[in-house]
Amino acid sequence: MDDPVVELNVGGIIYAARLSTVRKEPGKLADMFSNGVDSIPKDSKGKIFIDRDGVLFRYVLDYLRNQNIVLPENFHEKSRLKAEAEYFQLEGLLRSLDTESRQAGYITVGYRGTFAFGRDGLSDVKFRKLARITVCGRVALCREVFGDSLNESRDPDRGPMDRYTGRFFLKHLFLEQAFDNLQDAGFKCVASCGSGTSGGSAELKPGMDPEESRWNHYNEFVFMRE
Amino acid sequence: MDDPVVELNVGGIIYAARLSTVRKEPGKLADMFSNGVDSIPKDSKGKIFIDRDGVLFRYVLDYLRNQNIVLPENFHEKSRLKAEAEYFQLEGLLRSLDTESRQAGYITVGYRGTFAFGRDGLSDVKFRKLARITVCGRVALCREVFGDSLNESRDPDRGPMDRYTGRFFLKHLFLEQAFDNLQDAGFKCVASCGSGTSGGSAELKPGMDPEESRWNHYNEFVFMRE
Amino acid sequence: MDDPVVELNVGGIIYAARLSTVRKEPGKLADMFSNGVDSIPKDSKGKIFIDRDGVLFRYVLDYLRNQNIVLPENFHEKSRLKAEAEYFQLEGLLRSLDTESRQAGYITVGYRGTFAFGRDGLSDVKFRKLARITVCGRVALCREVFGDSLNESRDPDRGPMDRYTGRFFLKHLFLEQAFDNLQDAGFKCVASCGSGTSGGSAELKPGMDPEESRWNHYNEFVFMRE
Amino acid sequence: MDDPVVELNVGGIIYAARLSTVRKEPGKLADMFSNGVDSIPKDSKGKIFIDRDGVLFRYVLDYLRNQNIVLPENFHEKSRLKAEAEYFQLEGLLRSLDTESRQAGYITVGYRGTFAFGRDGLSDVKFRKLARITVCGRVALCREVFGDSLNESRDPDRGPMDRYTGRFFLKHLFLEQAFDNLQDAGFKCVASCGSGTSGGSAELKPGMDPEESRWNHYNEFVFMRE
Amino acid sequence: MDDPVVELNVGGIIYAARLSTVRKEPGKLADMFSNGVDSIPKDSKGKIFIDRDGVLFRYVLDYLRNQNIVLPENFHEKSRLKAEAEYFQLEGLLRSLDTESRQAGYITVGYRGTFAFGRDGLSDVKFRKLARITVCGRVALCREVFGDSLNESRDPDRGPMDRYTGRFFLKHLFLEQAFDNLQDAGFKCVASCGSGTSGGSAELKPGMDPEESRWNHYNEFVFMRE
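And the structure:
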């Protein structure tokens with residue numbers, strides 16, 4: 000058989016793979032197997048021995064089998080796996096892991112809103128009415144998440160990407176679209192707070208509906224990416 | 000014995016199953032076993048060798064045993080399992096996984112409410128009184144969750160399913176029924192915010208109870224599906 | 000030895016138990032072992048073979064050993080375990096699992112409150128003062144959680160258990176007791192929102208303390224059971 | 000060797016320990032090994048057989064090695080481990096588990112606050128200003144968490160520990176110190192809500208700063224221990 | 000071979016490593032292997048026996064291989080691992096674990112804010128406008144997180160690091176920068192609450208915009224480090 004099954008003892012855990020699999024990518028593993036398996040150190044049962052963490056090798060092997068890596072949805076050993084990829088000199092795996100690890104951070108989305116009240120007999124027609132959806136956070140993160148739907152025209156600063164801004168808003172008024180964009184980018188909502196307005200002693204400006212004005216509120220939603 | 004136990008070494012993890020089990024569905028496994036087990040590559044202990052991830056094979060085998068798949072409640076390797084189903088060409092498993100993975104997204108449920116105050120001596124009879132439960136989000140998601148209880152009559156847009164709306168409301172006034180519907184559909188509540196109204200300088204309309212008006216509030220609940 | 004140790008290969012995972020353990024309850028396992036172990040299919044090492052998921056068998060065995068089942072606090076494979084109980088025809092295990100899986104749903108607890116202000120020189124004596132704790136949700140869930148402390152007298156509907164109500168309140172005024180009741184029943188708090196009242200243009204009713212009235216608020220707590 | 004290594008097959012999982020370790024504490028294990036290992040039932044490979052759950056035995060052994068038990072931070076099988084401690088009659092382990100399992104429950108911490116505004120030109124000096132931190136919940140839990148910093152002087156009830164109170168407050172005004180106390184005791188913050196005050200039609204009392212009065216708010220934080 | 004593979008049975012779990020690996024650091028392991036492997040106790044299969052928890056030894060070995068330790072992102076056995084490091088007298092591992100375990104605690108970040116309204120026709124230019132970001136909590140924690148961006152000038156107390164303060168604020172006005180600083184330091188947002196202001200009967204001070212004043216709010220965000 001010209002593509003034998005090789006049995007590996009990686010730090011005490013046993014794996015098995017075709018020889019062609021472990022040699023597929025240049026790096027420490029391919030070097031190890033370049034002269035056949037005879038010259039490689041073995042454990043007491045004749046299995047090829049690799050002095051590394053046995054658990055993480057599952058993903059190293061996965062990468063070699065499929066030439067790409069799909070990690071579990073809640074994988075918690077990414078920095079540990081990176082250390083293994085570096086040890087085995089697997090450029091492609093390292094690149095995949097770097098691509099996948101997005102920059103952490105917070106983005107706050109808020110809106111000033113009230114309700115639209117019917118004026119002509121449809122007294123029950125009262126919908127959420129948003130005046131504007133604001134976006135605050137690091138410029139680079141905000142652009143990554145919202146792309147073209149971001150309105151930056153009122154932000155006077157045109158500086159570097161790693162500054163913070165409180166001056167972005169969205170071109171549309173669909174709060175849940177903003178939420179979905181954030182979710183697509185790996186952010187999740189971690190907190191929120193709302194507040195109403197104060198009546199104050201100020202007169203309403205002409206043309207403003209007094210009932211609409213009473214229901215004014217500001218809701219703020221905090222999103223985080225780990 | 001015409002239905003022998005076959006022992007499999009899947010990437011280093013050992014499984015055992017009846018031959019009839021692994022051959023039950025057309026695909027790569029059935030092909031592999033179509034000519035008996037003699038011609039199949041073996042590991043050093045004579046176990047049939049399969050060069051794939053050993054952990055995920057647990058669910059592949061489960062699917063073959065039961066012809067359907069019940070995943071753990073917090074299963075975090077769905078995309079990884081999909082890759083295995085594709086590799087083994089198991090149409091039914093692939094279909095089950097696709098059916099199960101519902102579209103992610105946010106839905107916001109809100110209500111304008113106050114309290115009903117007793118007018119005739121039952122001064123302590125004060126219940127939550129909801130004026131309307133609003134539903135905002137992607138049209139397709141909202142319809143999936145709320146079905147017939149969704150009132151779309153005030154939404155002027157009749158466009159495609161993947162647009163967003165802030166104009167849906169529910170035909171009933173039971174907030175927790177809406178929550179339960181969302182839970183049934185796999186959404187969970189991730190945030191909420193409340194706000195009162197402002198007294199403003201506006202006069203109350205005739206017939207409105209001033210105490211009820213004082214307690215007006217808008218509570219908004221954010222639900223997410225991963 | 001009249002009660003030998005039997006070694007089981009369940010889908011590739013090895014278990015060991017006394018023969019009396021696996022035969023303790025009527026069902027598929029007792030049937031299998033009714034004529035001794037000689038006629039049962041074995042794997043290549045002579046271990047008794049069972050073509051089912053190996054991981055879940057841990058709990059099947061546990062049930063047979065103790066005649067009752069204590070699951071891990073965050074057990075995520077309940078539906079999968081149920082499928083195994085059905086396969087092995089273990090009535091008692093099935094019953095335990097059904098008893099344990101409580102109905103999912105949401106209950107909302109809210110209170111209207113303010114602070115009690117001292118009137119006679121103890122100006123610093125200001126405590127939370129609750130007017131009433133309301134309970135909203137499915138009737139069956141509310142009754143299960145709050146039992147006798149639930150006041151249903153103001154709920155005009157006397158219909159079926161699976162309707163929703165917004166008209167229940169508690170006979171006591173201890174918010175944290177309500178929370179503890181919910182926790183005991185497996186609910187956890189997932190969201191909350193607060194709102195103050197509006198001054199409006201309404202006069203205070205005679206006898207109401209103006210400072211108390213200023214601090215009126217409505218806090219609402221959302222509890223969920225998975 | 001007078002302290003040999005004994006190999007145990009606990010429900011199918013293999014453990015190894017010194018004989019002195021398994022005999023260290025009186026109970027079922029010490030009894031089992033009191034007459035040497037020859038008379039103890041063995042599995043087919045000559046390993047000592049114990050008909051109990053194999054996974055939980057890891058912690059039983061740990062307890063015997065160290066005479067105390069340190070559980071993982073998110074251990075989810077405490078009730079299952081207790082059942083094992085009972086089975087093996089390990090008094091010390093049972094006691095440790097009982098000590099460690101603290102009473103579940105909710106405590107609510109709230110504060111009435113506003114901001115301190117500068118009166119003499121330092122118009123920007125505006126800090127959070129707390130009037131009082133209130134503590135509500137079961138008396139026993141509140142005392143356990145806050146100890147001497149709890150002021151109970153305004154609580155008229157002097158009854159049993161398992162009653163609820165809404166009348167405790169703290170002797171200091173550092174909100175985060177209260178939070179840290181709760182965290183030290185194993186509580187975590189699960190919800191919070193805030194509300195402002197209503198202007199009402201009431202006049203401010205003499206000496207009250209009108210700007211401070213405008214910013215009055217009540218924030219309430221819900222903590223839970225599982 | 001002058002650097003043989005040693006096979007270890009640690010409490011029943013099998014590990015394998017180069018001899019040079021287990022001897023790399025002074026301590027109990029190096030002592031054990033100082034005279035070769037012959038005099039060390041073995042299990043029945045000739046593997047070197049160590050009477051400690053088998054699962055945690057994975058990280059002990061990892062530390063010896065790499066001279067540093069990278070733990071999984073959600074590692075829940077830190078106190079258990081520390082006990083192992085103490086047992087094996089591995090100073091470096093112990094130091095790493097101590098360095099890594101940062102002090103738990105809460106920090107509250109809040110801001111008083113409103114919206115900037117356009118005065119000259121740009122009526123839609125309305126951004127979040129923050130007056131000040133306050134920071135409350137233990138002095139040592141606040142300094143660790145915010146460093147030079149912390150303004151302590153208004154805190155009259157100059158006492159020890161372990162006191163609490165409600166008087167710090169930030170030198171900048173970017174809320175999300177504060178959030179990102181907290182995230183970098185391992186804190187996560189666990190709660191938040193918002194409140195508006197009351198109109199009161201007070202006149203606005205000259206020069207204050209009445210609309211801006213109406214939208215005044217105080218939002219408070221609670222961060223926790225475990």
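Chains as they are written, first to last, in numbering that gives the first Met the number 0: chain A, 0 to 225; chain B, 0 to 225; chain C, 0 to 225; chain D, 0 to 225; chain E, 0 to 225. Glycine is no exception: its CB is placed at the ideal position from the N, C-alpha and C atoms.
Looking only at its chain, what residues have a beta carbon closer than 7 angstroms to the beta carbon of residue i, apart from the 5 residues adjacent to it on each side?
{"i": "residue 180(B)", "result": "144 and 145"}
{"i": "residue 120(C)", "result": "Residue placement at residue 120(C) is flagged as unreliable, the pLDDT there being 46, under the threshold of 50; the coordinate-derived value follows with that caveat. Contacts found: none."}
{"i": "residue 68(D)", "result": "58, 61, 62, 92 and 95"}
{"i": "residue 101(E)", "result": "185 and 224"}
Just verifying my parser: in three-state terms, what is the DSSP assignment at residue i?
{"i": "residue 85(B)", "result": "helix"}
{"i": "residue 6(D)", "result": "strand"}
{"i": "residue 231(B)", "result": "With chain B covering only 0 through 225, there is no way to say anything about residue 231(B)."}
{"i": "residue 191(B)", "result": "strand"}
{"i": "residue 150(E)", "result": "strand"}
{"i": "residue 77(C)", "result": "helix"}
{"i": "residue 98(C)", "result": "helix"}
{"i": "residue 144(E)", "result": "helix"}
Would you tell me roughly how many angstroms separate the C-alpha atoms of residue i and residue j, rounded to the nearest one?
{"i": "residue 215(D)", "j": "residue 189(C)", "result": "26 angstroms"}
{"i": "residue 193(B)", "j": "residue 217(D)", "result": "13 angstroms"}
{"i": "residue 59(D)", "j": "residue 24(C)", "result": "28 angstroms"}
{"i": "residue 94(A)", "j": "residue 29(B)", "result": "36 angstroms"}
{"i": "residue 134(B)", "j": "residue 168(D)", "result": "40 angstroms"}
{"i": "residue 70(D)", "j": "residue 178(E)", "result": "32 angstroms"}
{"i": "residue 61(B)", "j": "residue 81(C)", "result": "14 angstroms"}
{"i": "residue 79(A)", "j": "residue 92(A)", "result": "13 angstroms"}
{"i": "residue 138(A)", "j": "residue 77(D)", "result": "47 angstroms"}
{"i": "residue 222(E)", "j": "residue 221(D)", "result": "14 angstroms"}
{"i": "residue 186(D)", "j": "residue 74(A)", "result": "27 angstroms"}
{"i": "residue 111(C)", "j": "residue 163(E)", "result": "32 angstroms"}
{"i": "residue 197(A)", "j": "residue 209(E)", "result": "10 angstroms"}
{"i": "residue 104(C)", "j": "residue 66(D)", "result": "43 angstroms"}
{"i": "residue 174(A)", "j": "residue 182(B)", "result": "21 angstroms"}
{"i": "residue 127(A)", "j": "residue 9(C)", "result": "57 angstroms"}
{"i": "residue 176(B)", "j": "residue 166(A)", "result": "39 angstroms"}
{"i": "residue 129(C)", "j": "residue 172(C)", "result": "6 angstroms"}
{"i": "residue 43(B)", "j": "residue 36(A)", "result": "14 angstroms"}
{"i": "residue 131(C)", "j": "residue 27(D)", "result": "55 angstroms"}
{"i": "residue 148(C)", "j": "residue 170(C)", "result": "5 angstroms"}
{"i": "residue 136(A)", "j": "residue 22(E)", "result": "50 angstroms"}
{"i": "residue 86(C)", "j": "residue 4(B)", "result": "19 angstroms"}
{"i": "residue 108(E)", "j": "residue 151(D)", "result": "29 angstroms"}
{"i": "residue 53(E)", "j": "residue 53(B)", "result": "22 angstroms"}
Which stretch, first to last residue, makes up the alpha helix (DSSP H) that contains residue i?
{"i": "residue 60(B)", "result": "56-65"}
{"i": "residue 178(C)", "result": "174-183"}
{"i": "residue 22(C)", "result": "That residue, residue 22(C), is in no alpha helix (DSSP H); it is neither H nor E in DSSP."}
Residues in the same chain with beta-carbon distance under 6 angstroms from residue i, minus the five sequence neighbours each way, listed in chain order, please.
{"i": "residue 19(D)", "result": "2"}
Determine the extent of the beta strand (DSSP E) in which residue i is found, giving its start and end residues.
{"i": "residue 218(C)", "result": "216-224"}
{"i": "residue 137(B)", "result": "126-137"}
{"i": "residue 29(E)", "result": "Residue 29(E) -> not in any beta strand (DSSP E); alpha helix (DSSP H) instead, spanning 27-31."}
{"i": "residue 164(D)", "result": "163-169"}
{"i": "residue 17(C)", "result": "12-17"}
{"i": "residue 47(A)", "result": "47-49"}
Could you pull out every residue in the same chain whose Cβ sits closer than 8 angstroms to the Cβ of residue i, ignoring the five residues on either side in sequence?
{"i": "residue 39(D)", "result": "31, 32, 47 and 48"}
*Three or more C-beta pairs below 8 angstroms linking the segment 45-53 of chain B and the segment 1-19 of chain A*: At 8 angstroms Cβ cutoff, the stretches touch.
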